Every structure is written in structure tokens, then in C-alpha cells.
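A.B. asks: In numbering that gives the first Met the number 0, the protein residues as written are 0 to 400.
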Amino acid sequence: MKQFLIFLFTGASIAILDLVDSAFGNQISLDSICVMSAFTVLYWCFSALCTVGEYAYRVKLKYESECFTLQVTITLICSFILIVFRVPLSHIYSLTDTQYDLLAMCLLCKGICLIFGKLETFFRTYIALSCQNKHIIISNIIFYSTMIVADAIVIALHGECYHLVITTGIADAITVIYYLIFCRFKWSKPTFKRLKECIKCARDIVIDRVLGKVATIGFNICASHLSTDMYALHSIGYAIATSLEECTNSCYTYQIIKLKIIYNLKDKYEMCKKISKQIFIPTVLVCYVIAILMVFPMKGIVSFKSALLITLLYNSQCILLQLYENHRGFLTSCEATECLRLGGLFGIFVRIPIAIISIVTPIGIYGFALGSGIDFFIRGLYYRHKSIQLVNNSNFVKGEK
């Protein structure tokens, strides 16, 4: 449990500091709240593609150089797309002319800085799965102290929200320098055979994540059709809930680390269930405490009472996510990535219909508040079914022998 608590509280600190970063944007204007919400969701979609090297490393727990090369290559392609197509991408939302201009500038800045961000997340994943706890803590201090100081300067100088994207890129670059010097990365010349193997095992997770992000974008496009006040509330509640996925994601990482030394699938699954029970309550408690604490700095010019109610509803996903994260960890540990492939499809079939129903009926923002959690819970049920099926099939094969 000690390693899990390190992951959990590291995730909690990341969630808090990410929200502090978002809070700076919320202090600029109502336009900034709406733009940063739209920008963040678009970025998640590109991030799902760029993170292919991390996905491969989580599955293989080796071939570091090949995973790194894969991540850099895809990131450079995505950077080009963001820069060239920033204007049409910004117009998939229903925004004002001012908001379209701000969103296009955010996409341009992120396209330029994307390589630093994805290098930072790759090395962060590497040191987490290597249990380099000292470097996990130090790198977080370097990244967030740099970013928050730079954000404060932007606010003091009355900058725009896209300046905050630039400050994040600067913090990423400085943290990458630290990783390159201290994190003991095992570099060797990449081989085509290993690269193919990494692509194969990451492919299914990329499909899942991209489909999931398509659902997320559709969900938020629907939310942008709410009134400006309601969309601002959605942006606050959704930002807090999704930032706290850093905490629930610690369940996934911990499962991978604990299960990697168990080779019998039945024993592995029993351990997965045991771990799930141990980490459920600490994860939920930490998520709700942080959610409540972060309402005030995140609310901006929105009333505290309204923001608190919506945040509590949106944060219900931290309960419903548990089944999803733990079984995703089990399937990743088994290298059964084909079982993960269609998870994101459930997001499209569940989350988007909920969003459409919410905007055409009086349900409104309350449907959006519960939609993500319901989506993840159904995905969790699907992953649980595939996990049990995998264990049963392995027992059947042994019986045949």
C-alpha cells in the first residue's frame, strides 16, 4: 500500500496544481473559462495519439528506446496538424467570435510546445513504473513551481489565456532537462522488430483512447450549446472531475506494478480484486476532499454555491471509475490489449446520447454531471466481463492439456 499511497498523493498534488493552473485562466474572463474548457478537450484527443509510446511501455515494461522513438514521432505529426488546422479545429464548437480567435491561438501555442509536453509525460510514466519515487516528487516540484510562478506573471501583466499555454510549455521544457540529467533512462539504438512490437501492443489502447476522446469532444460540443452561464458551470465541474482522474489513474498504475510479477491469470485476477478493495475508499476520500477544496479557486466569477453543487455531482465519477481503472490495469498487465480496443466505443454510444438528451430536455447540466461517470461504469462492466472471460479461457486451455 505504501507505493499506492505515493502514487495517490502524487496524483492528488498534480490534480490540485493543475486546477490551480486552470484557476488562473478562470480569473481572466468568462470567455477564458469557456475557451480553456474547449481547448483542454481538444488537446486530450491529440494527447491520446501522442501518448502511444507511454501506452506501449505500460504494456511491455521494457523497450524504452523504441517506446520513446514512437512517442516523439507521433507527437511531431500532431504538432504539425495543430498548427496548420488550428482555425477549422476551433470552429467545431459553438462559441463567440472572440472565443474562436482565442481558441485558435491556444491551439497554435500548444502545437509549438507539444513536443516538450509529451517528452515530460513519457519520462514521468517511465519513472513512475520504475518506482523512482524521489524523482517523481522532485520533478513535480520543478514543473509546478515553474508553471505557477509563470502563470502568476501572466495574470499580473493582464495576459490572455493562450499565454498560459506557453507557460506550461516552458515548465515542460525545464522538467524534461531534469529528467534527461537524473532519471537514469536506458537508451539503446531502437530496432525495427521491437518498434513493430511496441506499435502492435499500443495500437489497441490508442483506438480505445481516441474513441473515448471522440466521445469526450462530442460531449463537450453538446455542452457548449448550454447557455454561457451553464457552460461555465460545466467547465468548472468537468475540469475538477477530470483533473482528479490523476488520482483514479493511480489505481491503474498500481495494478500494473503489483500484477507484473504474477504469471498465473487466476492468481493475477484474485490479486486485482484484492487490491481494488484496498484502494477504493482512500481514492474516493482523497478525490472528494480535493474537489471541495478546489471549488473556491476554480469558480472564478461564478457563485460558490452553484459551483459546489455541480462539482459534487461531476465528481461522482471518481466512484464509478474504480471498476474501469482496476480492470484496465489487469488487462494491460496480461498484455490482453485487444480487450481494451472497444472501450472508447461505449463512450460514443453512452455519453453522447446522454448529452443530446440533456440539451433537448429540462435535465440540462445535471445530465452532463452524471454522464461521464455512467459512461466509465459501463466500460468498467465490459472490462470486467473480458477479464473474467480471459481467466476462464486460460483455465479451459489448461484443462484440455
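C-beta atoms are modelled at their ideal positions from N, C-alpha and C, and glycine is treated no differently. Note that the structure is a prediction, hence the values are computed from the model and not measured.
For Asp-171, verify whether its CB is less than 7 Å away from any heavy atom of the ligand SAH.
C.D. replies: With respect to small molecules bound, the structure shown includes none, and the ligand SAH cannot be examined in it.
A.B. asks: What is the DSSP secondary structure of Ala-170, reduced to helix, strand or coil?
C.D. replies: Residue 170 sits at position 171 when you count from the first residue of the sequence shown. It is helical.
A.B. asks: How many angstroms separate the CA atom of Ile-289 from the CA atom of Leu-118?
C.D. replies: The sequence position of residue 289 within the sequence shown is 290, counting from 1. The sequence position of residue 118 within the sequence shown is 119, counting from 1. Approximately 28 Å between the Cα atoms of the pair.
A.B. asks: In this structure, does DSSP put Lys-273 in helix, strand or coil?
C.D. replies: Position 274 of the sequence shown, counting from 1, holds the residue named residue 273. It is helical.
A.B. asks: Who are the Cβ neighbours of Lys-400 in its own chain at under 7 Å, not counting the five residues just before and after it?
C.D. replies: Along the sequence shown, read from residue 1 onward, the residue named residue 400 stands at position 401. At Lys-400, the pLDDT of 40 sits below 50, so the modelled position is not reliable and the matter cannot be decided from this model.
A.B. asks: What does the alpha-carbon distance come out to for the pair Leu-311 and Lys-298?
C.D. replies: In the sequence shown, the residue the question calls residue 311 occupies position 312. In the sequence shown, the residue the question calls residue 298 occupies position 299. Each residue's alpha carbon lies about 13 Å from the other.
A.B. asks: One question on the structure: do Ile-358 and Ala-214 come within less than 8 Å of each other, judged by their Cβ atoms?
C.D. replies: The residue labelled residue 358 in the question sits at position 359 within the sequence shown. The residue labelled residue 214 in the question sits at position 215 within the sequence shown. Going by C-beta atoms, Ile-358 is not nearer than 8 Å to Ala-214.
A.B. asks: Report the residue ranges of all alpha helix (DSSP H) runs contained in full by the region 273 to 347; include only those spanning at least 4 residues, in chain order.
C.D. replies: Listed in chain order, the complete alpha helix (DSSP H) runs (minimum 4 residues) inside the region 273 to 347 are 303 to 313 and 316 to 332.
A.B. asks: State the DSSP-derived secondary structure class of Ile-356, mapped to helix, strand or coil.
C.D. replies: Stepping through the sequence shown from its first residue, residue 356 is reached at position 357. Correct three-state label for Ile-356: helix.
A.B. asks: Can you tell me where the alpha helix (DSSP H) holding Trp-43 begins and where it ends?
C.D. replies: What you label residue 43 is simply residue 44 of the sequence shown in a count that begins at 1. Here the alpha helix (DSSP H) through Trp-43 covers 29 to 49.
A.B. asks: Would you call the region 210 to 230 in contact with the region 279 to 289, where contact means no fewer than 3 C-beta pairs closer than 8 Å?
C.D. replies: Judged by Cβ distances under 8 Å, the region 210 to 230 makes no contact with the region 279 to 289, as fewer than three pairs qualify.
A.B. asks: Measure the CB-CB distance between Tyr-253 and Ile-274 and report whether it falls below 8 Å.
C.D. replies: As a first step, residue 253 must be located in the sequence shown, where it is residue number 254. As a first step, residue 274 must be located in the sequence shown, where it is residue number 275. Yes, the pair counts as a contact, with Cβ atoms nearer than the cut-off.
A.B. asks: Determine the DSSP secondary structure at Arg-183, reduced to helix, strand or coil.
C.D. replies: On the sequence shown, position 184 is the one that residue 183 refers to. DSSP places Arg-183 in coil when its eight states are reduced to three.
A.B. asks: Do you know offhand how far Val-294's Cα is from Gly-168's?
C.D. replies: As a position in the sequence shown, residue 294 is number 295, starting the count at 1. As a position in the sequence shown, residue 168 is number 169, starting the count at 1. So the alpha carbons of these two residues sit roughly 26 Å apart.
A.B. asks: Comparing C-alpha positions only, which one of Thr-9, Tyr-323 and Phe-6 sits nearest to Leu-339?
C.D. replies: Here residue 339 refers to the residue found at position 340 when the sequence shown is read from its first residue. The option with the nearest alpha carbon to Leu-339 is Tyr-323.
A.B. asks: Measure from the alpha carbon of Thr-72 to the alpha carbon of each residue in Thr-50, Arg-85 and Leu-88, then state which is nearest.
C.D. replies: For the purposes of this step, residue 72 is identified with residue 73 of the sequence shown, where counting begins at 1. Looking at the Cα atoms, Thr-50 is the closest of the given residues.
A.B. asks: Go to Thr-72, then tell me how far its alpha helix (DSSP H) extends in each direction, as first and last residue.
C.D. replies: Taking the first residue of the sequence shown as 1, we reach residue 72 at position 73. Looking at the DSSP string, the run of the alpha helix (DSSP H) that includes Thr-72 is 63 to 83.
A.B. asks: Where does Glu-245 sit, in a helix, a strand or coil, going by DSSP?
C.D. replies: Taking the sequence shown and counting its residues from 1, the one referred to as residue 245 is at position 246. Helix.
A.B. asks: Please confirm whether Ala-172 and Phe-115 have their CB atoms less than 8 Å apart.
C.D. replies: Working through the sequence shown from its first residue, we reach residue 172 at position 173. Working through the sequence shown from its first residue, we reach residue 115 at position 116. Result yes, Cβ atoms of Ala-172 and Phe-115 sit closer than 8 Å.
A.B. asks: Mapping the DSSP letters down to three states, classify Glu-159 as helix, strand or coil.
C.D. replies: As a working mapping, residue 159 is identified with position 160 in the sequence shown. Three-state DSSP puts Glu-159 in coil, outside helix and strand.
A.B. asks: Buried or exposed: which applies to Val-396, given that a residue is buried once 16 or more other Cβ atoms fall within 10 Å of its Cβ?
C.D. replies: For the purposes of this step, residue 396 is identified with residue 397 of the sequence shown, where counting begins at 1. Low confidence applies here, because Val-396 scores a pLDDT of 40, under 50, leaving its location unreliable and the question unanswered by this model.
A.B. asks: According to DSSP, is Cys-130 helix, strand or coil?
C.D. replies: Here residue 130 refers to the residue found at position 131 when the sequence shown is read from its first residue. DSSP places Cys-130 in coil when its eight states are reduced to three.
A.B. asks: Is DSSP giving His-384 helix, strand or coil here?
C.D. replies: Along the sequence shown, one-based indexing puts residue 384 at 385. If DSSP states are grouped into helix, strand and coil, His-384 belongs with the helices.
A.B. asks: Go ahead and label Phe-79 buried or exposed: buried means 16 or more other beta carbons lie within 10 angstroms of its beta carbon, across all protein chains shown.
C.D. replies: The count along the sequence shown starts at 1 and reaches residue 79 at position 80. So Phe-79 counts as exposed.
A.B. asks: Among the candidates Tyr-56, Ser-93, Ile-154 and Arg-183, whose CA atom is the shortest distance from the CA of Thr-124?
C.D. replies: The residue you call residue 124 lines up with position 125 of the sequence shown. Of the listed residues, the one whose Cα sits closest to Thr-124 is Tyr-56.
A.B. asks: Check Lys-59 in the structure and name its three-state DSSP category.
C.D. replies: Looking up residue 59 in the sequence shown gives position 60. Helix, per DSSP.
A.B. asks: Can you tell me the Cα-Cα spacing of Ala-103 and Val-205, whole angstroms?
C.D. replies: Indexing the sequence shown from 1 puts residue 103 at position 104. Indexing the sequence shown from 1 puts residue 205 at position 206. Those two C-alpha atoms are separated by around 25 Å.
A.B. asks: Could you compute how far the alpha carbon of Met-229 sits from the alpha carbon of Ile-373?
C.D. replies: Position 230 of the sequence shown, counted from the first residue, corresponds to residue 229. Position 374 of the sequence shown, counted from the first residue, corresponds to residue 373. Each residue's alpha carbon lies about 21 Å from the other.
A.B. asks: Determine the burial state of Gly-398: buried for a count of at least 16 other Cβ atoms within 10 Å of its Cβ, exposed for fewer.
C.D. replies: Position 399 of the sequence shown holds residue 398. Confidence in Gly-398 is poor, its pLDDT being 43 and thus under 50, which makes the residue's placement unreliable; the coordinate value appears in the next sentence. Gly-398 should be labelled exposed.
A.B. asks: Report yes if the CB atom of Leu-88 is closer than 8 Å to the CB atom of Ala-238, and no otherwise.
C.D. replies: To locate residue 88, count along the sequence shown from 1; it is residue 89. To locate residue 238, count along the sequence shown from 1; it is residue 239. It is not a contact, given that the beta carbons lie outside the stated cut-off.
A.B. asks: So the alpha helix (DSSP H) Lys-259 belongs to, where does it begin and stop?
C.D. replies: Translated into positions along the sequence shown, residue 259 becomes position 260. No alpha helix (DSSP H) contains Lys-259, which DSSP labels as neither H nor E.
A.B. asks: Going by DSSP in three states, Leu-225 sits in which element: helix, strand or coil?
C.D. replies: Position 226 of the sequence shown, counting from 1, holds the residue named residue 225. In this structure, Leu-225 counts as coil in the three-state DSSP scheme.
A.B. asks: So, for Leu-99: in the same chain, excluding its five sequence neighbours on each side, which residues have a beta-carbon less than 7 Å away from its beta-carbon?
C.D. replies: One-based indexing of the sequence shown puts residue 99 at position 100. What sits at residue 99 in the sequence shown is Tyr, not Leu. Result list for Tyr-99: Ser-89 and His-90, in chain order.
A.B. asks: Between the C-alpha atoms of Lys-272 and Ile-261, what's the straight-line distance to the nearest angstrom?
C.D. replies: The residue given as residue 272 occupies position 273 in the sequence shown. The residue given as residue 261 occupies position 262 in the sequence shown. If you take the alpha carbons of Lys-272 and Ile-261, they lie about 14 Å apart.
A.B. asks: So what does DSSP say about Ser-93, is it helix, strand or coil?
C.D. replies: Here residue 93 refers to the residue found at position 94 of the sequence shown. Of the three classes helix, strand and coil, the one that applies to Ser-93 here is coil, per DSSP.
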